[in-house]
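Peer 1: Going letter by letter, the sequence shown gives residues 110 to 706 in my numbering. Attaching a single structure in structure tokens format; questions to follow.
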Amino acid sequence: MAIEPGLMLAGMLMIGFLAQWLAWRVKLPAILFLLLAGIVLGPIGGVLDPDRLLGGLLFPTVSLAVALILFEGSLTLRFHELPGIGKAVRGLVSYGAVASLLLLALAAHLVAGLAWPIALLFGALACVTGPTVIAPMLRTLRPNARIANTLRWEGIVIDPLGALFAVLIYEAIVSRQEGHTIGVFIATIGCGVGIGALSAWLMAFFLRRQMIPEYLQNYAVLAAVLLAFSISNTLTHESGLLAVTIMGIALGNLRGVHIDDILDFKESLTTVLVSLLFILLAARLHWPLPDGMLGAGIVLFLIAQLVVRPLTVALSSLGSGLSWRERTLIGWVAPRGIVAASVSALFALRLDALGVPGAEALVPLVFTLIIGTVILQSATARPLAIWLKVAEPEPRGVLIFGSDPVARAIGKSLHEAGFRVVLADDDWDGIRLARMEGLATFFGNPASPHAERYLDLTGIGRLLAVSTHRERNSLACVHYRQEFGRSKVYRLRNLTPQENTDRAALAGSLLAPPLFDEAMTHGRFAEMLEQGWRIKSTRLSATFDWPHFIEQYGSSAVLMFGVEEKGALRVASAKRELEPKPGWTVIALVPETRSEK
110 MAIEPGLMLA
120 GMLMIGFLAQ
130 WLAWRVKLPA
140 ILFLLLAGIV
150 LGPIGGVLDP
160 DRLLGGLLFP
170 TVSLAVALIL
180 FEGSLTLRFH
190 ELPGIGKAVR
200 GLVSYGAVAS
210 LLLLALAAHL
220 VAGLAWPIAL
230 LFGALACVTG
240 PTVIAPMLRT
250 LRPNARIANT
260 LRWEGIVIDP
270 LGALFAVLIY
280 EAIVSRQEGH
290 TIGVFIATIG
300 CGVGIGALSA
310 WLMAFFLRRQ
320 MIPEYLQNYA
330 VLAAVLLAFS
340 ISNTLTHESG
350 LLAVTIMGIA
360 LGNLRGVHID
370 DILDFKESLT
380 TVLVSLLFIL
390 LAARLHWPLP
400 DGMLGAGIVL
410 FLIAQLVVRP
420 LTVALSSLGS
430 GLSWRERTLI
440 GWVAPRGIVA
450 ASVSALFALR
460 LDALGVPGAE
470 ALVPLVFTLI
480 IGTVILQSAT
490 ARPLAIWLKV
500 AEPEPRGVLI
510 FGSDPVARAI
520 GKSLHEAGFR
530 VVLADDDWDG
540 IRLARMEGLA
550 TFFGNPASPH
560 AERYLDLTGI
570 GRLLAVSTHR
580 ERNSLACVHY
590 RQEFGRSKVY
600 RLRNLTPQEN
610 TDRAALAGSL
620 LAPPLFDEAM
630 THGRFAEMLE
640 QGWRIKSTRL
650 SATFDWPHFI
660 EQYGSSAVLM
670 FGVEEKGALR
680 VASAKRELEP
690 KPGWTVIALV
700 PETRSEK
């Protein structure tokens, strides 16, 4: 029985959501479940036929979706961050990426028999990792900070650069296939770069001068990206992807342009597009695969995993200061993601229409590599990290949602006690002051899709929600329960128990244990700081225990945290009272003593 197109599209949206949700629950890259869903719906179940569903709209739909994905990825590349990401990362995203591209192309040429142009295109697509697959893997892997930062930065930087490599190689293939001269190829590159740079400059011009109201800015950027893509393709064939990639890189690096809200919108839109796109693309796979493709794909995956990645990491990390253990783990972890899957499918559609030999092998080989790397590395990376002794122990750090004086004071006390602390908030003034005080920060909502990709949770094991926004505190607590566990999530009350009437109360399922004591609220904490109270850290001993501390500072002192002798952090809560013992270090809010006045 044929399914009505509207119902099919709605069903794909729900299946995409379920795949993303499952990935979030099990902490695996969503691309794995999306591809498996498409394979089950398409070649296995025969329920979804993208060519019949979309007809002539299939290629334009895929093209526009990939254009937005590439724009969103390239928008995150910041030139000023490149010099500070370390020698190993610079090597991995420059000559290491080129070496990986060439080695993978050579393997594809020898193993799968691909012609050199298609083999080089495969190499460009297969050398890219990306933050959407690295971030969830790092949460499960939990390596030390140097490994995590190297892998995370490699994924962020190489995502748009790898797409740029692939686009340039693709342009060369198309120009040659259509009998174009080198002049036409150069003109295509020039048009893409020119349209992309001009579009970024025009958009920045309007945004800087507030000529577009905030509620229309996301719409304007979306329309501008698609228009730049279409105009560039119209002027010079197949230059649109290069145009949107350049537009994203340029817009992300122009000064005076506030793009955080635009980036949040693009990430949400990209999540929807990726979900639909990967289901559609996987459903177009023909099963069984063309003769020899499955075996060739498995061999290429093994070569990429066991030969190419370790060699390129060894080459890129020479003189970097990374130990051999750290280099070994980095050489094992390189899951492929969005750019490889989406761009390979788009290029395969176009090259197949042009009659380029070997184009039909591109998608099966790339998808086999994606599924192989995600499954193998997700299952083995953590045990390997433990065996190599480069895995982080039980995470001790603290994520604090908020950046006002209360959040900064709490964060500074924990930082001085030796814990890794990250303050996350979308209030720029508070984040700026926190940075000036030497605290690590994340500018953005910690429960946002942006945080999923870019918030570094290495060594972080607790959440303290202490912002002034009661509902968003609760949302952050619910979000991080799955990440840290219910017992590692706390909130600072915004209302007293008397103010928290039935009309104002939130559902019990949304609440986390309240911080400190029964009467403590955010307002009271802030008021006490203004009155001269301070946060004091004191090590208890047999001769100066907790009763002596209370005797010295008064019964009104508020116990906040306790640090055990072995370094474990204990959090005081109205639901979980602490009993500090000799040998502990206590962190408490105490009144100003007379000698200090």
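Beta carbons are placed, not taken as given, at the ideal position from N, Cα and C, and that holds for glycine.
1) What number of angstroms, rounded off, separates the C-alpha of Val672 from the C-alpha of Glu525?
2) Which of the three DSSP states is assigned to Met402 in this structure?
3) Just to confirm, is the Cβ distance from Ala214 to Leu229 under 8 Å?
4) With a threshold of 16 other CB atoms inside 10 Å of the CB of Thr421, please say whether the residue is buried or exposed.
5) Using CA coordinates, which residue listed in Glu660, Gly357, Met320 is at the minimum distance from Leu270?
6) By the 10 Å Cβ neighbour count, where 16 or more other Cβ atoms means buried, how is Lys597 classified, buried or exposed?
7) Go through the region 507–581 residue by residue and report every complete run of the beta strand (DSSP E) that reaches 3 residues or more, in order.
8) In terms of DSSP beta bridges, what is Tyr599 paired with?
9) Could you tell me how far apart the beta carbons of Gly404 and Ala224 are, in whole angstroms, since I believe they sit closer than 8 Å?
10) Note down, in chain order, each residue of its chain lying with its Cβ closer than 7 Å to the Cβ of Leu687, except the 5 sequence neighbours on either side.
11) Using CA atoms only, rank isn't needed, just tell me which of Leu179, Tyr589, Ala628 is closest to Leu604.
12) Does the distance from the C-beta atom of Pro707 to that of Gly446 stay below 8 Å?
13) If you compare alpha carbons, which of Ser341, Val416, Pro555 is closest to Leu573?
14) By the 10 Å Cβ neighbour count, where 16 or more other Cβ atoms means buried, how is Tyr599 classified, buried or exposed?
15) Cα-Cα, which of Ala543, Phe625, Phe634, Arg633 is closest to Ala683?
16) Measuring only the C-alpha atoms, how far is Gly553 from Leu542?
17) What span of residues does the alpha helix (DSSP H) with Val465 cover, start to end?
18) Since Val695 contacts Leu649 with CB under 8 Å, what's their CB separation in whole angstroms?
19) Could you check where the beta strand (DSSP E) with Thr694 kicks off and where it finishes?
20) Using the Cα positions of Gly115 and Thr437, report the straight-line distance between them to the nearest angstrom.
21) Please look up how many angstroms separate the CB atoms of Ala500 and Arg199, rounded, as I've assumed it's under 8 Å.
22) Using C-beta distances below 7 Å, list every residue in its chain close to Gly632, excluding the 5 sequence neighbours before and after it, in chain order.
23) Quickly, what does DSSP pair Val680 with across the bridge? List them, please.
24) Take Gly125 as the anchor and find which of Cys300, Gly232, Ala391, Leu179 has the nearest alpha-carbon.
25) Using the Cβ count rule (16 or more neighbours within 10 Å means buried), how would you classify Arg317?
26) Restricting to Cα atoms, I'd like to know which of Ala257, Leu344, Arg261, Leu360 is closest to Ala306.
27) Using only the alpha-carbon positions, how far apart do Ala174 and Val383 sit?
28) Among Ile321, Asn327, Ile484, Ser339, whose alpha-carbon lies nearest the alpha-carbon of Ala132?
29) With a 10 Å radius around its C-beta and 16 neighbouring C-beta atoms as the bar for buried, classify Thr249 as buried or exposed.
30) Taking three-plus beta-carbon pairs below 8 Å as touching, is the region 558–572 in contact with the region 517–531?
31) Compare the beta carbon distance of Gly539 and Ser557 with 8 Å and say whether it is the shorter of the two.
32) When burial is assigned at 16 or more other CB atoms within 10 Å of the CB, is Gly205 buried or exposed?
33) Going by the CB atoms, is the gap between Ala257 and Leu247 shorter than 8 Å?
34) So for Lys196, helix, strand or coil by DSSP?
35) Within its chain, find whatever has a CB closer than 6 Å to the CB of Pro622; leave out the 5 residues flanking it on each side and keep chain order.
36) I need the boundaries of the beta strand (DSSP E) containing Thr647, first residue and last residue.
Peer 2: Straight from the coordinates:
1) Cα to Cα, Val672 sits roughly 12 Å from Glu525.
2) Correct three-state label for Met402: helix.
3) In this structure, Leu229 lies closer than 8 Å to Ala214 by Cβ.
4) Buried is the call here.
5) When each option's Cα is compared against that of Leu270, the closest is Gly357.
6) The residue is buried, with at least 16 neighbouring Cβ atoms inside 10 Å.
7) The qualifying runs are 530–534, 549–552, 569–574.
8) In the DSSP assignment, Tyr599 forms a beta bridge with Leu573.
9) The beta-carbon distance between Gly404 and Ala224, rounded to whole angstroms, is 19 Å. This is too long to meet the 8 Å contact definition.
10) Around Leu687: Leu668, Gly671, Arg679, Ala681.
11) Considering only Leu179, Tyr589, Ala628, the residue with the shortest C-alpha distance to Leu604 is Ala628.
12) Since the first residue of the chain shown is 110 and the last is 706, residue 707 is not available in this structure.
13) It is Pro555.
14) Answer is buried; the Cβ neighbour count reaches 16.
15) The option with the nearest alpha carbon to Ala683 is Phe625.
16) CA-to-CA, the gap between Gly553 and Leu542 works out to about 15 Å.
17) Taken as a continuous stretch (DSSP letters only), Val465 belongs to no alpha helix (DSSP H), as it is neither H nor E.
18) Leu649 and Val695 do touch by the CB rule: their CB atoms are close to 6 Å apart, below 8 Å.
19) Where Thr694 is concerned, the enclosing beta strand (DSSP E) stretches over 694–699.
20) Rounded to the nearest angstrom, the two C-alpha atoms are 49 Å apart.
21) With a Cβ gap of about 25 Å, Ala500 and Arg199 do not count as contacting.
22) Take Gly632, set aside five residues on each side of it, and no residue of its chain has a beta-carbon closer than 7 Å to its own.
23) Note: Val680 sits in a beta bridge opposite Phe670.
24) Relative to Gly125, the option among Cys300, Gly232, Ala391, Leu179 whose CA is nearest is Ala391.
25) By the 10 Å Cβ count, Arg317 comes out exposed.
26) Of the candidates Ala257, Leu344, Arg261, Leu360, the residue whose Cα lies closest to the Cα of Ala306 is Leu360.
27) The alpha-carbon atoms of Ala174 and Val383 are separated by roughly 8 Å.
28) Closest option to Ala132, judged by alpha-carbon separation, among Ile321, Asn327, Ile484, Ser339: Ile484.
29) Answer is exposed; the Cβ neighbour count stays below 16.
30) These segments touch.
31) Contact flag unset, no.
32) With 16 or more other Cβ atoms inside 10 Å of its own Cβ, Gly205 counts as buried.
33) Here Leu247 is near Ala257, since their CB atoms are less than 8 Å apart.
34) Helix.
35) Residues Tyr599, Ser682, Lys684 of the same chain have their beta carbon placed closer than 6 Å to that of Pro622, with the five preceding and five following residues left out of the count.
36) Per DSSP, Thr647 belongs to the beta strand (DSSP E) from 643–648.
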